[in-house]
Each structure stands twice: as C-alpha cells, then as structure tokens.
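Take the sequence shown: its position 306, counted from the start at 1, is 305 in numbering that gives the first Met the number 0, and no numbers get skipped. Glycine included, each C-beta is placed from N, C-alpha and C at the ideal position. Okay, structure first, notes after.
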Amino acid sequence: MQMVERILEKFAVITAAAVGIYMLAVSMRLGPGVGGDAVIYITSAKNLLAGNGLGLVNPAGDFRLLPYFPPFYPLFLAFFGLLGFSIAKIAGILNIVLFTLTIILIGLWIKRTTKNTVASFLGSLLLACSPILIPAYSWAMSEPLCIFLGTTGLILFDRYLEYHTPRSLIGSAICCGLSFLTRYSAAAYIAMGGIFLLCFQKQELKKRISSAFQFGLISIFPMILWLVYDLQKTATVASRSMMQSTDFNAEMTRFNEQMKSVFLQWLIPDSWIENPVYPAWINEILYVLVILLPLVSLLYGIFRNLRKRSSVPEQWIPRMDNMLLILSGFYFIYWIVIFGVSVMTFPPITIGPRMFTPIHVAFLWLLAILFAWIDMALKKKPYLRVISMILLFGFTAFYGLRAIRIAHQNAIDGLGYHAVRWKESDVVDYLRENVPQDQLIVTNEETALLFLMNRTSWPMHEVYVQEPDPDFYHYETGPVKATDFGRAAFQRGEALLVVFDSFEDQMQGIYGENTKTRISTLLENLQVVFDGDDGTIYQLNQDS
C-alpha cells in the first residue's frame, strides 16, 4: 500500500511538471524570447567560443567584458555551444528542463516537509500554471538557472538542518554560490543561510559562527574571483556605480508603487490593477495580503523555532517550521537586496515581475505549506478542510486560465526578436540585401541587429540620457560627445542611421509631451535611404 501511495505522490508531481512543459512549449512555439539582455548573454557566449572572450565587441573591434551581469549563465550556454548546439535554441530547451526540475524538486519537498499529498500536488501545479513564471521562463534569461540553483540550495539547507551532515551544508553553499554567480540579486539565498545558521540553529554560539562562516566562504568564493577580475578590467562592479546622492523618500515611494504593481500581478490580471472589475479598495487589501502572508510566516517561524522542542505536539512536523522560516526569511531579504540596488546604483535596474520571480516561487511554496498547516489544524473539522481545499483549487484553476491565455498569445505573436513583427521587418530585410557587412550603422535597436543579423552597430546615445537635453539639436550638426562614436561617424558620412519605430516609445519617457518635436528636430534635413513599415534608414544629406 505504501508503495502504491509513493507512486501516486510522484505521479501527481510529474503530472504537474508535464503541465508546465506543455505551457512553455506552447509559449515558445516561435522560439525563446530574446531581447536586449538575452542578446548580451548569447553574444557573450558566442564570443567566448570564438576566442574573443566573455563579452561584446563593438564596431571598432574593441572588446568589452560582459557588462551588467555575472558570468555563470553565459558560461552555461557556452558549454552547450561547445557541444555543437545552437545557443539561442538551447536556451529555450534548458528553460523547459530547469522549469521541470524546479517543479519536481519543490513538489517532492513539499510532500516530504508536510506529509500532505494534496499540498504537494497543488504547490507543483501552482508553479506549473503560474502566469508570472510562464512568461519569465519563456525568455532566454538567467532567472530559470538562478531559481533552480537557489531552490536546490534551499532544499539542501533544510536537509542539513534535519541531519546536520556537512555534505548537505557544503552542497547548499555551492548551489547558492552558483545562483549568486548567475544573478547578483541571488545574494539573498546566501544571506538567508548565514542568518539562519547564526540565529536559529540549536547549537552553541561557537558552532553556529563556524557553520555560518563556512557556508558564507564557500558561497561567495566564486563571486570574489569574478569581482576581482571584473574590477581589474572595468573598474566597476557589473558596469554599475553608486549614485552620488539619493532622495530616499522619493525612491521609497517610487519603489513601493512599482512593487505594488508586481505583487498584484501575482494574484490578478494586469488589466485589473488599473481598471478592476470590483471596488478598487480590494486591490489594496490584496497588496497587503501578499506582504502579510510571508510576514506572518516569518514571525510564526521565529516563534516556533525559539520555543523548546519538548513543547511541540507529537503530530507536529518541525520541518514545516524550518521551511516557513527559510522561505519567508528569503522573501524579505531578497526584497531588501532589490530595494538597496534600486535606490543606490546607476544605471537603475528594471523593477518588474521577472525581477521578483525568485520570491514568487517562494510565495507559492509558502502557500502550499500554509495550506498543509491549515489542513492539519482543521483535522477535526472536515467541512472547513474541504472549503480550504476548494479555495486553493479555485486559485490554481484561475492561475491556469491566465497562464493558458498568456502562452497562447505568445505562440501567436512570438517573443522579443523571435516575434513575427521582427521576422517580417522591412528594415532588417533591406539591410540584409542592400547594405554591405562592413558599413557602419548607428541605431536605436543595436541588440536587434546583433541578434538578427550578427551585425555590430553604434547605439544612438539619445535614448540613454537620464534628463532631456535643453538643446534640441539636429543629428547631422552640432557638437558631439566624446563617447558618442556613432554620431561622430555619421557626421563624417561614414555611417547610416537606422531608426526603428520603437524610437518614439524610447524617447517618450525622457521628453514626454515634447517627444514628437524632439524627434522631428533631431532627424530634420537627413536624407532618407529607405522608408519601411517598421522604421527608416537615413544617411548624411550631402547637399546640406
């Protein structure tokens, strides 16, 4: 009987994983999403295999070490490229594999932690149907690898707390360290482990300090090597620098508004945030709930951990306490890390759903454990247990409907530079057929040309300024900044200017209502070489 029960448990989790595989396969029908960041990863991996180093090469032939990101994900891609796989294609396959493994790992660990098969199945299914994770895992980005390594690290950490085996602690440290080497924000996995070992282990202080030191040293050692190398080559960390001055009140307000949108998307469709189909105050309650659930879990986990184990009822499962504390602690540490980076570094990071996928996973994991806790607490009240089960099933079904809609739309439109609109680009087709490979190009979409045509180009600096320029100069005349190599080449008549239709959206955030005036002034007097459906190619007007 136990054998049959175990088979059914595993079958339930594998079924949930199969749902996730199907969702991603549909979502990436036209290929994994490739945008600006993904192009940096993919191109850096290709350049490493070509012997140029892990980074980018500009039109002048100068090499730049991998900017903005730690190196493990492009190294991971390069390994498969070395085996002969197409790096862009293998990125999508790896996402499916990593998503599957993450779902199975968490599902089986929920079962082991809670002894509740329903919680295990629904927790796995929530992950597989998440309308936040399906889009994130559909792009050729580092989050899937980061989350898988971090999840493995958390599970090994929980195993260490149960058995106190050094290999579990070392394994956890290695996985958390590699997750950190994949995304800088994954430092939260390491911080959570160190704090837990110092504050909540049932050992004498000397032993706790020793364990925390070993865990921290093993975890950060790979990153130390990378940072030393990065600083030697670039004099910055991740091509970022500290802001000279910060208005913390303003930054806190900005961050809170962005976080509110992100957290609400965990529960409701994006369209309901601005235009809810119910009273608007309900969204405020939902936002508080997303914060309150992990906070209550954290406080309860601390309370249970500090109590003597002798006072714990026999039917209680202490490992539930550990996981509540681990997951909720990680949730808030990650939030603090992102807030610190957001308000103190330049260029600013993008605050969006993808940035918070690691704690979205932790949130759904927590939800499954809390369901198991409620189910156990209501053992003598079967009707309440049924109600709680119906509520979680209903939320899971709602998640599934949202995810299906997203995956279906992605399958129709495509993602990033694999989207239909890019594959049918008039401007890209013209460049392929009529412009020599050695012709210098300046553009507002340099990563698009790099991915679609394997052509390096100079960026238009106008889309990267932080403040609007008071002087509405013409692109062909006026002083040129020392770092604006593309505009200098254009004014010498050596480069073409390729302006895609996305230029207006890029400038909108800088110039607001003056955007159209700024663009028309900038491009005035330029000679049109080609006017396509998605952009225009200009050259210097020889008569001006």
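Inter-segment contact for the stretch 434-451 and the stretch 38-52 is present: three or more beta-carbon pairs are separated by less than 8 Å.
Excluding residues up to 5 positions away in sequence, Leu55, Leu449, Phe450 lie with their Cβ nearer than 8 Å to the Cβ of Thr42 in the same chain.
The beta carbons of Leu48 and Gly80 sit closer together than 8 Å. Annotated as distal: His417 and Val25, with beta-carbon spacing of 8 Å or more. Residue ranges of uninterrupted beta strand (DSSP E) with 3 or more members are absent from the stretch 159-229; none lies entirely inside it.
Closest by C-alpha distance to Gln213, out of Ile189, Gly492, Ala77, Leu230, is Ile189. In the same chain as Gln507, and ignoring 5 residues on each side of it, the C-beta atoms closer than 7 Å to its own belong to Thr514, in chain order. When the Cα atoms are used, Trp138 and Thr99 turn out to be separated by approximately 15 Å. Contact check for Phe499 against Val426 passes: the beta carbons are separated by less than 8 Å. Under the DSSP assignment, Thr99 falls in the alpha helix (DSSP H) whose first and last residues are 86-113.
For Leu323, the closest alpha carbon among the candidates Ile348, Met343, Leu294 is that of Leu294.
Counting the other CB atoms within 10 Å of its CB gives Phe302 a total below 16, which places it among the exposed residues. Thr446 carries a helical assignment under DSSP once its states are collapsed to helix, strand and coil. Counting only runs of 4 or more residues that sit fully inside the stretch 116-162, the alpha helix (DSSP H) segments are 116-127, 132-136, 142-162, in chain order. Look at Gly339 here: in three-state DSSP terms it is helix. Just measuring C-alpha positions, the residue of Pro435, Asn321, Leu291 sitting nearest Asn304 is Asn321. At a Cβ-Cβ threshold of 8 Å, Phe254 and Ser341 count as neighbours.
Annotated three-state conformation of Thr535 is strand, per DSSP. Following the DSSP letters along the chain, one finds Gly300 inside the alpha helix (DSSP H) bounded by residues 280-305. The Cβ atoms of Leu155 and Ser178 do not sit closer than 8 Å to each other. In this chain, Arg353 is not harboured by any beta strand (DSSP E), its DSSP state being neither H nor E. By the neighbour-count criterion, in which a residue is buried when 16 or more other Cβ atoms sit within 10 angstroms of its Cβ, Asp157 is buried. Taking the Cα positions, Tyr537 is about 23 Å away from Pro467. In this structure, the alpha-carbon of Met375 lies about 56 Å from that of Gln231. Using a 10 angstroms sphere on the CB of Gln541, the tally of other CB atoms stays under 16, which defines it as exposed. Measuring C-alpha to C-alpha distances from Ile290 to each of Pro268, Lys259, Ile267 identifies Lys259 as the nearest. Judged by beta-carbon spacing, Arg486 lies within the 8 Å limit of His460, meaning their Cβ atoms are closer than that value.
Secondary structure of Asp36 (DSSP, three-state): helix.
Taking Leu377 as the centre and dropping the five residues before and after it, the same chain places the C-beta of Leu383, Arg384, Ser387 closer than 8 Å to its C-beta, in chain order. In this structure, Val287 sits away from Thr150, with a CB-CB distance that is not shorter than 8 Å. By the C-beta density criterion, Ser519 is exposed, having fewer than 16 other C-beta atoms within 10 angstroms. Ranked by Cα distance from Pro143, the options Thr14, Pro165, Asn94, Thr112 are led by Asn94.
Rounded to the nearest angstrom, the Cβ distance from Leu180 to Phe71 is 4 Å, consistent with a contact under 8 Å. Val441 and Ile405 have their C-alpha atoms some 34 Å from each other. When DSSP reads this structure, Asp530 sits in a beta bridge with Thr535.
DSSP lists Leu439 as the bridge partner or partners of Ala494.
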